[in-house]
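>
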Amino acid sequence: MTIAAMIGKPGKPIPGTTLFDGEAARKGYALNAMCYSFNEAANRQAFLADEEGYCARYRLTPGQRRAVAERDVLGMIAAGGNIYYLAKLAGIFGLNVQDVGAMQTGMSVAAFKQMLLDQA
Amino acid sequence: MAEVVGAYFTSHVPSIGGAIHRGAQDDPYWKPFFDGFPRVHEWLAEMKPDVAVTFSNDHGLNFFLDKMPTFAVGAAEEYHNADEGWGLPVYTSMKGHPALSWHVIEQLVADEFDPVTCQEMLVDHALSIPFELAWPGADQWPVRVVPIGINTVQHPLPSARRCLALGRSVHRALQSWQGAERIVIIGTGGLSHQLDGERAGFMNREYDTFCMDKLAAEPDALTRDSIHEIVRQAGTQGVEVLNWIAARGALGPSAREIHRNYHIPISNTAGATMLLEPA
Ligand SMILES: [Fe+2]
Numbered sequence: 001m002t003i004a005a006m007i008g009k010p011g012k013p014i015p016g017t018t019l020f021d022g023e024a025a026r027k028g029y030a031l032n033a034m035c036y037s038f039n040e041a042a043n044r045q046a047f048l049a050d051e052e053g054y055c056a057r058y059r060l061t062p063g064q065r066r067a068v069a070e071r072d073v074l075g076m077i078a079a080g081g082n083i084y085y086l087a088k089l090a091g092i093f094g095l096n097v098q099d100v101g102a103m104q105t106g107m108s109v110a111a112f113k114q115m116l117l118d119q120a
Numbered sequence: 001m002a003e004v005v006g007a008y009f010t011s012h013v014p015s016i017g018g019a020i021h022r023g024a025q026d027d028p029y030w031k032p033f034f035d036g037f038p039r040v041h042e043w044l045a046e047m048k049p050d051v052a053v054t055f056s057n058d059h060g061l062n063f064f065l066d067k068m069p070t071f072a073v074g075a076a077e078e079y080h081n082a083d084e085g086w087g088l089p090v091y092t093s094m095k096g097h098p099a100l101s102w103h104v105i106e107q108l109v110a111d112e113f114d115p116v117t118c119q120e121m122l123v124d125h126a127l128s129i130p131f132e133l134a135w136p137g138a139d140q141w142p143v144r145v146v147p148i149g150i151n152t153v154q155h156p157l158p159s160a161r162r163c164l165a166l167g168r169s170v171h172r173a174l175q176s177w178q179g180a181e182r183i184v185i186i187g188t189g190g191l192s193h194q195l196d197g198e199r200a201g202f203m204n205r206e207y208d209t210f211c212m213d214k215l216a217a218e219p220d221a222l223t224r225d226s227i228h229e230i231v232r233q234a235g236t237q238g239v240e241v242l243n244w245i246a247a248r249g250a251l252g253p254s255a256r257e258i259h260r261n262y263h264i265p266i267s268n269t270a271g272a273t274m275l276l277e278p279a
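First to last, the sequence lines map onto chains B and V. Residues in the first sequence are numbered from 1 upward in steps of one, following the UniProt record's numbering. Residues in the second sequence are numbered from 1 upward in steps of one, following the UniProt record's numbering.
#1: Step through the CB atoms of chain V and report whether any lies within less than 8 Å of the CB of B/Gln98.
#2: Using a Cβ-based criterion (distance less than 7 Å to any ligand heavy atom), does V/Asn57 qualify as near ligand 1?
#3: Closer than 7 Å to a non-hydrogen atom of ligand 1 - does that hold for the CB of V/Gln194?
#4: Would you list, in chain order, the members of the segment 44-74 of chain V that have their beta-carbon closer than 7 Å to a beta-carbon of chain B?
#5: Check the Cβ of B/Lys27 against every Cβ in chain V and list those closer than 7 Å, keeping chain order.
#6: Can you find at least 3 beta carbon pairs, one from the segment 81-95 of chain B and one from the segment 52-69 of chain V, that sit closer than 8 Å?
#7: Is the CB-CB distance between V/Ser11 and V/Thr269 below 8 Å?
#8: Counting Cβ pairs, one atom from each stretch, are 3 or more of them under 8 Å apart for the segment 46-58 of chain V and the segment 143-161 of chain V?
#9: Classify B/Asp50 as buried or exposed, calling it buried when 16 or more other Cβ atoms lie within 10 Å of its own Cβ.
#10: Per DSSP, which one or two residues make a beta bridge with V/Arg260?
#11: Would you tell me roughly how many angstroms separate the C-alpha atoms of V/Gly197 and B/Val97, rounded to the nearest one?
#12: Does any C-beta atom of chain B lie closer than 8 Å to the C-beta of V/Gln119?
#13: Since I believe V/Asp83 is in contact with B/Asn39 (beta carbons under 8 Å), could you give me their beta-carbon distance rounded to a whole number of angstroms?
#14: Name the DSSP beta bridge partners of V/Ser56, please?
#15: List in chain order: all unbroken alpha helix (DSSP H) runs of 4+ residues lying wholly within the segment 36-97 of chain V.
#16: Any idea what DSSP makes of V/Pro265, helix, strand or coil?
#17: For the segment 32-57 of chain B, which residues have a beta carbon sitting closer than 8 Å to at least one beta carbon of chain V?
#18: Indicate, with yes or no, if ligand 1 has a heavy atom lying under 7 Å from the CB of V/Ala247.
#19: Checking contacts by CB at 8 Å: is V/Val4 closer than that to chain B?
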């Protein structure tokens, strides 16, 4: 996609972008709260030991639970996840922001990294 | 009289911390970014600031969505970093300057800004990495800090105009402060980047260049766009440029650029570093 297509037109929706606003923050509260808990190493361990139980404890919605189970980042965002909190979940799986970028754009990690380098 | 010696701006991408930790500054991938710093070190050695008034955003270490302040001013004796979820080494703590923090808070509220005040506040990579970059290898920081947080996470965000005005109010506070401190203003984050959505990986050199070109002499030009249009141009996380805009306000009415470095990419981000002096 060209940069002009990625920017879009003033006043119109921003291509490929969801603003994390009040509506998203309400919808995503449980998921983001769970991810925020991952600041503590013990909570990361607890999630790894019993993912189902840990998600249940934070009362994830069925859509949030499904997105987490499927490691579906766009699904998590659609369910109200905010990327700063989701990054803590990604860290548990050893994924960095290039891995997460690749997952969201449908590119391989190598292709995503190359796309970043190509903007130099 | 306290003196505002200048302003230092830089990106704060977490992986910069990793590169520092591994000693990877001279790797071909990282060198173009770290090459922007010898000039910063020289300048800081010359200016010898002993206080830093900083503008940055929290990334889910100190603030969660249960209570999300639009503007927050730290007024603590000390600020600690902590595990941000990735189990990385914890950064060196910072000493605060609570008397100056309260003086800034008084001015902000008198000017009809109404910040949250924090006598306890964790600081995340948004502050620690710019400090690591500025004073590499220091076992304690040469500056005490007055940290000011801006919400760049949960919309609605404060407008660019509001952030510039906030910075200008902070400048008024510094002007009336009776101490003898040498104060550096620090703005962190950006420039263009987007971590989330189908547009992940988006950067925008043209918009970043516009921001850097206008920052010193024409900062009001950066307030022409709504938050929505800034996100369009800079990316969902590139909106951290709000920290730069507020910091520019705190520097004072006129300024000149003395240093600039810009490199795409560091991680998913357009890395940028600038120094401005009062003019
Ligand atoms: Fe950031």
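Don't be surprised by glycine CBs; every beta carbon is placed ideally from N, CA and C. Predicted model, so just to flag it, every value in this text is computed and none were measured.
Let me spell this out:
#1: yes
#2: yes
#3: no
#4: His59, Gly60, Leu61, Phe64 and Leu65
#5: Chain V residues near B/Lys27: none, gap ~11 Å exceeds 7 Å.
#6: yes
#7: yes
#8: yes
#9: exposed
#10: V/Met274
#11: 12 Å
#12: no
#13: 6 Å
#14: V/Gly149
#15: 38-47
#16: strand
#17: Asn32, Ala33, Cys35, Tyr36, Phe38, Asn39, Glu40, Ala41 and Arg44
#18: no
#19: no
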